[in-house]
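Participant: If you're matching them up, the sequences are chains Y and X in order.
Reminder that position 58 of the first sequence reads as 829 in the working numbering, one-by-one numbering, no gaps.
Reminder that position 45 of the second sequence reads as 816 in the working numbering, one-by-one numbering, no gaps.
Virtual Cβ for every residue (Gly too), placed ideally from N, Cα, C.
Number of protein chains: 2
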Amino acid sequence: MTTPLEKARQDPESMKARILDVARRIFGEYGFHGTTTRMIAQEVGIDISTLHYHWGGKKDLYESVVVDINKDLRQKLSEVEKVIHGLPLSERLAISIDLTTDYLFDHPEVSNLILYRYFGKTRCEGNLDAIVPEFTADIARSMGLARDKKNVPPETTMKVLAVMNSIHNFISGESFFRPMVKVDRERYIALVKETLKFIHIPAFAQNETT
Amino acid sequence: MTTPLEKARQDPESMKARILDVARRIFGEYGFHGTTTRMIAQEVGIDISTLHYHWGGKKDLYESVVVDINKDLRQKLSEVEKVIHGLPLSERLAISIDLTTDYLFDHPEVSNLILYRYFGKTRCEGNLDAIVPEFTADIARSMGLARDKKNVPPETTMKVLAVMNSIHNFISGESFFRPMVKVDRERYIALVKETLKFIHIPAFAQNETT
DNA sequence: CTGTGATTCAATCGTTTGATGGAAGTGTAG
DNA sequence: CTACACTTCCATCAAACGATTGAATCACAG
């Protein structure tokens, strides 16, 4: 059986896929309550009821978006893991930061939506959060901080969260932070990478068993 | 002339102050669009029109909340600066992390609202953002990363942002992160401090001029 | 008590929002 | 062509939202 989301992804030109792409961007910008179904429909160029026909309702569409976002991010992290496999920790971190940052600057709605889920709440009765597998454990193992995916110590999980969040912050907060440092987009991206490496590499290199 | 906000703060039992306190919390939890004026009024135990009488409208109330939040945080950071003055950088960072984290865990709506402003957008025509003085420059100077408040280099601003954001993240994301590490609140707070020090102290200590 | 200004509330307005029903359009198999 | 499933849109609904009005209530000076 194929889920509606998989079906939508099979044909990127299908109406389902077009709606999903727009919904990703707008939900990411304005959050769940800040987004109206009419905003999405207008951006796609269709009627509201067409949106309802394909995705059922606002909550259903939002949950599909969240699942889709997480699927994309997981795949990207999996790609990164293959590139850095076997390298020393410092290099692994540096390359991971470069690749992940580049990817997220191209898809800022991913960071936006993840941060919205972390820090915001919704006033919906039902559990709006779709069941999304967390993959901090994968990152921890990929960074050599944990042997297996089970029983990752809390300290390690927290460290992984700190790294991932600091990346998402600079991506998602660009519209706020970039005017503060008064640089163009290209320079901002370079600054982000530089800062992330400055902050995180020394921390994990301090007890590196080279 | 006293602003409405100052007037409200003079008498903490006044209706203006009671509304402001509740609005801080609810706006922080649900964001601007996720919060309804009725939610705030019901929490305070008053009628909606009473809220409008005191604060004019939803946007005005939200802007007052943002200004109030930033004023509180600035004052707290000023207190912290006095404590750490003259100490070596590593100690300054450690103490700053401890004090700031404790304060924000007691007032999580501060972190919530700041992150909402960083990462979220509103679909209001007018510039919803009240003019809030940013104080990353003060922090930079207080940390010894900049000589004066003017002309702080972009690299320094980015580093300060990274530190502040990582703190806000763990405060505001507690409801999401704490179940991931499966610890009680007290242990979570300790973990946050520990992680923040692990991440940030080595970074700034690497080129410390002892 | 009376008058006056400040405060609070009940009732309601106009708009927006999420959602739906039914008509019209499109493509395909028989 | 017909029949039928699949899409899309127009018109519309009920509920929720922000906001306003006018009356009731309170505090208090004269």
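Judging by CA-CA distance, which residue of Y:Ala961, Y:Leu886, Y:Cys895 is the nearest neighbour of Asn940 of chain Y?
Facilitator: The shortest Cα separation from Asn940 of chain Y among Y:Ala961, Y:Leu886, Y:Cys895 belongs to Y:Leu886.
Participant: Answer with yes or no whether the minimum CB distance from Ala976 of chain Y to chain X is below 9 Å.
Facilitator: It does; some Cβ of chain X falls within 9 Å.
Participant: To test your reading of the DSSP string, which unbroken alpha helix (DSSP H) runs of 4 or more residues are found completely within the region 774 to 860 of chain Y?
Facilitator: Complete alpha helix (DSSP H) runs here, min 4: 775 to 781, 786 to 805, 808 to 815, 819 to 826, 829 to 855.
Participant: Below 9 Å between beta carbons is the criterion; list the residues of the region 810 to 842 of chain X that meet it against any residue of chain Y, in chain order.
Facilitator: Per Cβ criterion, the list reads Met810.
Participant: Leu962 of chain X lies in the alpha helix (DSSP H); which residues open and close that run?
Facilitator: Segment 956 to 976, the alpha helix (DSSP H) holding Leu962 of chain X.
Participant: Is any beta-carbon of chain X found at less than 9 Å from that of His878 of chain Y?
Facilitator: No, His878 of chain Y does not count as interfacial toward chain X.
Participant: Nearest-angstrom Cα distance between Thr872 of chain Y and Pro879 of chain Y?
Facilitator: Answer to the nearest angstrom: the Cα atoms are 10 Å apart.
Participant: Which residues in chain Y sit within 7 Å of Arg894 of chain X, going by Cβ to Cβ distance?
Facilitator: Per Cβ cutoff of 7 Å: Tyr801, Gly805.
Participant: Nearest chain Y C-beta to Arg845 of chain X closer than 9 Å, yes or no?
Facilitator: No, because no Cβ of chain Y sits closer than 9 Å to the Cβ of Arg845 of chain X.
Participant: Compare the C-alpha of Ile817 of chain Y against each of Y:Thr927, Y:Asp955, Y:Arg789, Y:Lys968 and name the closest.
Facilitator: Answer by Cα proximity: Y:Arg789.
Participant: Can you pull the chain Y residues whose beta carbon is under 9 Å from the beta carbon of Gly915 of chain X, in chain order?
Facilitator: What Gly915 of chain X touches in chain Y: nothing, since even the nearest Cβ is about 16 Å away.
Participant: Using three-state DSSP, classify Met935 of chain X as helix, strand or coil.
Facilitator: DSSP places Met935 of chain X in helix when its eight states are reduced to three.
Participant: Could you work out which residues of chain X lie near Phe798 of chain Y, taking near to mean beta carbons separated by less than 8 Å?
Facilitator: Within chain X, no residue comes near Phe798 of chain Y; the closest Cβ sits about 11 Å away, beyond 8 Å.
Participant: Cα separation between Lys799 of chain X and Ser882 of chain X?
Facilitator: The sequence given here has Gly at residue 799 of chain X, not Lys. Taking the straight line from one Cα to the other gives about 8 Å.
Participant: When we look at the beta-carbon of Ser835 of chain X and count the other beta-carbons within 10 Å, is it buried (16 or more) or exposed?
Facilitator: With 16 or more other Cβ atoms within 10 Å, it is buried.
Participant: My understanding is that Ala794 of chain Y touches Leu848 of chain Y, with C-beta atoms under 8 Å, so please give their C-beta distance in whole angstroms.
Facilitator: Not confirmed; about 23 Å, so no contact.
Participant: Which of helix, strand or coil does DSSP assign to Asn940 of chain Y?
Facilitator: Residue state, collapsed to three classes: helix.
Participant: Given Phe803 of chain Y, which residues of its chain have a CB within under 6 Å of its CB, disregarding the five upstream and five downstream residues?
Facilitator: Counting only Cβ-Cβ distances below 6 Å, and skipping sequence neighbours, we find Tyr833, Thr893.
Participant: Between the region 930 to 942 of chain X and chain Y, which residues of the former have a C-beta closer than 9 Å to a C-beta of the latter?
Facilitator: Answer in chain order: Lys930, Leu932, Ala933, Val934, Asn936, Ser937, His939, Asn940, Phe941.
Participant: Go ahead and label Tyr824 of chain Y buried or exposed: buried means 16 or more other beta carbons lie within 10 angstroms of its beta carbon, across all protein chains shown.
Facilitator: With fewer than 16 Cβ atoms within 10 Å of its Cβ, Tyr824 of chain Y is classed as exposed.
Participant: Any beta carbon of chain Y sitting closer than 9 Å to that of Pro904 of chain X?
Facilitator: By this cut-off, Pro904 of chain X is not an interface position.
Participant: In or out: Pro973 of chain X buried (at least 16 other Cβ within 10 Å) or exposed?
Facilitator: It is buried - the Cβ of Pro973 of chain X has at least 16 other Cβ atoms within 10 Å.
Participant: Taking only beta-carbon atoms, is Tyr887 of chain X less than 9 Å away from chain Y?
Facilitator: Chain Y, which has a Cβ nearer than 9 Å to the Cβ of Tyr887 of chain X, makes this yes.
Participant: Quick test of your reading: Pro925 of chain Y and Val954 of chain X, contact by CB under 8 Å. State the CB separation rounded to the nearest angstrom.
Facilitator: So it is a contact: roughly 6 Å between Cβ atoms.
Participant: For the region 911 to 930 of chain X against the region 945 to 953 of chain Y, do three or more pairs of beta-carbon atoms, one drawn from each stretch, fall closer than 8 Å, so that the two count as touching?
Facilitator: With a cut-off of 8 Å, the region 945 to 953 of chain Y and the region 911 to 930 of chain X count as touching, because enough Cβ pairs lie within range.
Participant: So Leu967 of chain Y and Ile868 of chain Y are in contact, right, with Cβ under 8 Å, and what is the actual spacing, rounded?
Facilitator: Yes, they are in contact, since the Cβ atoms of Leu967 of chain Y and Ile868 of chain Y sit about 5 Å apart, within 8 Å.
Participant: Quick one: grab the DSSP three-state call for Ala908 of chain X.
Facilitator: It is helical.
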